[in-house]
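Novice: Handing you a structure now.
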Amino acid sequence: MKQHLKMKRLLSRSALMLTAASFLTLPLATSAFAGKEGVFLSDSVYFTLDKVSLSSGADDGSLRFSLGLNNNSASPVDFNNYGVKVMDTNGVSYTAKLNEKVNGRVQAGETGTFKFSSEIPANLTPGQLKVDIFEWNYNTMHDIGALSVEAAMNEAGQSVVQQAAINLQEVDTTFADDAIVTAQLGNSYKVYKDGAWLVYTDLTLENLSNTTLKLPDALELNLQDSKGLTYVSQFISGSGQTLLPQQPVKTTIQTAVPASMDANGLSLLFSPKGKVKTTVLGSLNVAKSFVVGKIGDDTQYPDADLDGLHITTTWAAASKQSDGLHLQANVTLTNKSDGIITIPNLSASFQALRGSVAVTSSDNAARTSYLSPNESTTFRFSGILPAGLSTDALQLVVSEKQGTSNNSTQTNTGTGADTGAGSGSSDTGNSTNTGNTSNSGNSKTASLPVTITTLAGAGQGGENSSYTSAEDYTLGTPFKLSSNSLIDSNIDVSLVELGMSENTDFGFKTVVAKYKLTNKGTTSLNLPDFQTDLTNDEGFTYSGDRQSTVAKTIAPNTSYVLNYSYLVPGTETADKLALNLYDANRLAIGSYKTAVQPVPTTGAVSLYPFSIAINDYRVSATYSKDQSYAYRLRLDLDVKRQEQVITDANFSSLVFEVVDSEDRLLSTKTMSFVGQDKIMSGIQFIDFGSIKSEQLNTNVKINLYEVVTTPSGDAKRLVKTLIM
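Take the working numbering: the last position of the sequence shown gets the number 713, and nothing is skipped along the way.
Pasting the structure below:
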């Protein structure tokens, strides 16, 4: 194929080949008017170069330009007496083809515009190219002057783009000879979806002709890898759109590829249907279009209609738990323009490059539809992947749900022998890649990728850890929660107590958190059912269990206490924790730095909203005939209510446990803060009975626990130990 293209190019060059010496002796172009270069036929007639576009494909490039013949004289000028070619600095010339049929006679006082295109090598730069103008003199050519491609592009603020120019007449002879469509390369994304690896490539199509047209069904697009294997691409957005003259249209193509495919050397080929092996109308080097960002990278949103919108993966975390690798990521959109921008409908997936596995995630939080200048909104995504995966091979794929309209039908059947079935971690090297996907003429919606971020380093501490990104917090102050539909704006939520104790029987520790909810409004409000977890500075996350029974509503101008418990490993110190709050859909609404409070060895102990001080205690024993002992604990207590917070039968209880030197339970007694057996100030007696004499030994003690009942069982927090 490449040999065929080179031969075609050499034939074009040979028709107008000049020596390097003749190129150097061309007359210099002079200034036609301020800021624009010109080649003069006389003082009043001159040529100018406009609308220059230099495109670089995978194998070939193209130069398109408009040549203006400015006739300020008193008589007509015939452009047919002149010719145009493109030359490089080595003296090699390239045919310039007139793209449309126009009248060659330019009347006095008018400017004639002539559009040309030229096929050139892909590696030529603007500084190496000039447009040469010559005069026909019978069978010879007389050089008049040359115009700089670089100067014309600089004057217009243009740069070289990855673009292919397709003459549709070479696909379908019913098209006019000026039916040229350019395809400019955007970003490419490799995504694991529905059990297969897919490459999405953004293209911007532009109709260079003067009439409206559509892409013909006979135009075929293929991805070709470095081994020469090809995979048929299909349009999934924009293919059925009418292409208006000079109006760019963004489209996206999708290609099923093997998981092992190397992006290096990957090209997009345009050809007549079924002729990719023999005829290539244009090509693009796709290899460099794959963009994978890092956490914190700020990039322009890849949609020209949302100019000024920036997208950033601001934070990500990963923690291994018993059910897998828990992943979380925040994606922020920021409007850096001067106008109002519509917020796109985003979703996400976490994918593993090795292992062919992915999990989708969505953020259903209520948010406004628009962003004003300098405003931001954050999408929060989470998912669980197999625990054996490393974050170094994980990626976050953010997609936008878009409407698609395809009027053509294409079947994706690749000709390559290596496929990406995507059903596991292995690749099949001896089958054919068949996508079998068709597009009808109905309008549909599709989720198309807009950014991919590597999760390497997420959750391993440093700037990417959940703890370091959490807000500083002072115990007892209301949380500054993100906008959400769960917690009414008239409800303040604050953390008032966080304690931890060790469960020696099972080898883990229990953290108990107390939250105060205050109704600032004038009517009763529903008690919000929020979720929480704790994340330490190493990225390990521990889910919270809410107390089993709670009130349904909060009366106005009152506060209510909610208890949550968290099981943590015995090695957890809990001195650096991020407390994360979520709504009912597991969407993050706040993250705050905190640490457990130590239990004081002397003085009062806080069991919010109460504080208990043991002024004095005594233990007496009574021996029974059945060879058992009964203990009576005499307590002198000072019980105070720290704040006027509602406590009901659902509030935590105080449990007294008699244990021996081996921490074996001998007897227990439960007291409450409301109703019967209520803990009160003053002298109180607590009786423990039926302790067998053979159970007794030295160092018997009484442990006092605050106990919260949760769906997972009782959560206990040790608050005091009394030595008998």
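We put the beta carbon where it would ideally sit given N, CA and C, even for glycine.
Given the structure is predicted, the values throughout are model-derived calculations rather than measurements.
1) Who are residue 324's beta bridge partners in DSSP?
2) Quick check: residue 177 and residue 234, are their CB atoms within less than 8 Å of each other?
3) Alpha carbon to alpha carbon, how far is residue 261 from residue 86? Give it in angstroms, no decimals.
4) Please classify residue 315: is it buried, with 16 or more other beta-carbons within 10 angstroms of its beta-carbon, or exposed?
5) By DSSP's criteria, residue 533 is part of a beta bridge. Which residues make up the other side?
6) Between which two residues does the beta strand (DSSP E) holding residue 695 run?
7) Quick one: what does DSSP say residue 634 is sitting in, helix, strand or coil?
8) Tell me the DSSP secondary structure of residue 265 in three-state form.
9) With H, G and I counted as helix, E and B as strand and the rest as coil, what does DSSP make of residue 703?
10) Hey, how far is the Cα of residue 738 from the Cα of residue 695?
11) Return yes when at least one heavy atom of the ligand SAH lies under 7 Å from the C-beta of residue 330, else no.
12) Please list, in chain order, all residues of the same chain as residue 659 whose beta carbon is under 6 Å from its beta carbon, the five residues on each side excluded.
13) Could you tell me if residue 700 is buried or exposed, where buried requires 16 or more neighbouring beta carbons within 10 angstroms of its beta carbon?
14) Would residue 106 and residue 88 qualify as a contact pair, given that the criterion is a beta-carbon distance under 8 Å?
15) Excluding the five sequence neighbours on either side, which residues of its own chain have a C-beta within less than 8 Å of the C-beta of residue 128, listed in chain order?
16) Quick check on residue 78: does DSSP put it in helix, strand or coil?
17) So which of 327, 310, 277 and 270 has the shortest CA-CA distance to residue 298?
18) Using 8 Å for Cβ pairs, my map puts residue 339 next to residue 352. What's the rounded Cβ distance?
19) Count the C-beta pairs between the region 600 to 616 and the region 493 to 510 that are closer than 8 Å, then say yes if the count reaches three, no if not.
20) Once the 5 residues before and after residue 406 are set aside, which same chain residues still bring their CB inside 6 Å of it?
21) Nearest to residue 361 by CA position, among 295, 705, 275 and 334, is which residue?
22) I need the boundaries of the beta strand (DSSP E) containing residue 567, first residue and last residue.
23) Return the first residue and the last residue of the beta strand (DSSP E) that residue 61 is part of.
24) Measure the Cβ-Cβ separation of residue 115 and residue 149 and say whether it is below 8 Å.
25) Please give the ranges of any alpha helix (DSSP H) in the region 462 to 495, keeping only runs that are unbroken, at least 4 residues long and fully inside the region.
26) Below 8 Å on the Cβ atoms is my guess for residue 635 versus residue 537; work out the distance and round it to an integer in Å.
27) Could you check whether residue 36 and residue 58 sit closer than 8 Å to each other, using their CB atoms as the reference points?
28) Looking at the structure shown, is residue 712 part of a helix, part of a strand, or coil, going by DSSP?
29) From which residue to which residue does the beta strand (DSSP E) around residue 144 run?
30) Do the region 477 to 491 and the region 456 to 469 make contact, defined as three or more Cβ pairs closer than 8 Å?
Specialist: Based on what the coordinates show:
1) In the DSSP assignment, residue 324 is bridged to 298.
2) No. Outside cutoff.
3) Each residue's alpha carbon lies about 22 Å from the other.
4) Counting Cβ neighbours within 10 Å, residue 315 comes out buried, since at least 16 surround it.
5) According to DSSP, which records beta bridges pairwise, residue 533 is partnered with 555.
6) Residues 690 to 699.
7) Residue state, collapsed to three classes: coil.
8) Here residue 265 sits in coil by DSSP.
9) Annotated three-state conformation of residue 703 is strand, per DSSP.
10) An answer regarding residue 738 cannot be provided, because it is not within the stretch -10 to 713 covered by the chain.
11) As for the ligand SAH, it is missing from this structure, which has no ligand bound.
12) Annotation for residue 659: 642 and 644 place their beta carbon closer than 6 Å to its own, counting only its chain and skipping 5 residues before and after.
13) Taking every protein chain shown into account, the CB of residue 700 has fewer than 16 other CB atoms within 10 angstroms, so this residue is exposed.
14) With contacts defined as CB atoms closer than 8 Å, residue 106 and residue 88 qualify as a contacting pair.
15) Excluding residues within five positions, none has a Cβ falling inside 8 Å.
16) Coil at residue 78, not helix or strand.
17) Ranked by Cα distance from residue 298, the options 327, 310, 277 and 270 are led by 327.
18) Not a contact, Cβ separation roughly 14 Å.
19) Look at the beta carbons and you see the region 600 to 616 not touching the region 493 to 510: under three pairs across the two are nearer than 8 Å.
20) Interpretation of residue 406 is limited by its pLDDT of 36, a score under 50 that renders its predicted location unreliable; the figure taken from the coordinates is listed afterwards. Result list for residue 406: empty, nothing under 6 Å.
21) Check the Cα spacing between residue 361 and each of 295, 705, 275 and 334: the tightest is with 295.
22) Per DSSP, residue 567 belongs to the beta strand (DSSP E) from 566 to 571.
23) Annotation: residue 61 is outside any beta strand (DSSP E) and is labelled neither H nor E by DSSP.
24) The criterion of a C-beta distance shorter than 8 Å is satisfied by residue 115 and residue 149.
25) Under the rule that a run must span 4 or more residues, no alpha helix (DSSP H) segment is found entirely inside the region 462 to 495.
26) Rounded, the Cβ-Cβ distance is 17 Å, inconsistent with contact.
27) Yes, Cβ-Cβ distance for residue 58 and residue 36 is below 8 Å.
28) Looking at residue 712 - three-state DSSP - the assignment turns out to be strand.
29) Unbroken run through residue 144 is the alpha helix (DSSP H), 138 to 145; no beta strand (DSSP E).
30) A contact between stretches requires three or more CB pairs, one per stretch, nearer than 8 Å, and the region 477 to 491 meets this requirement with the region 456 to 469.
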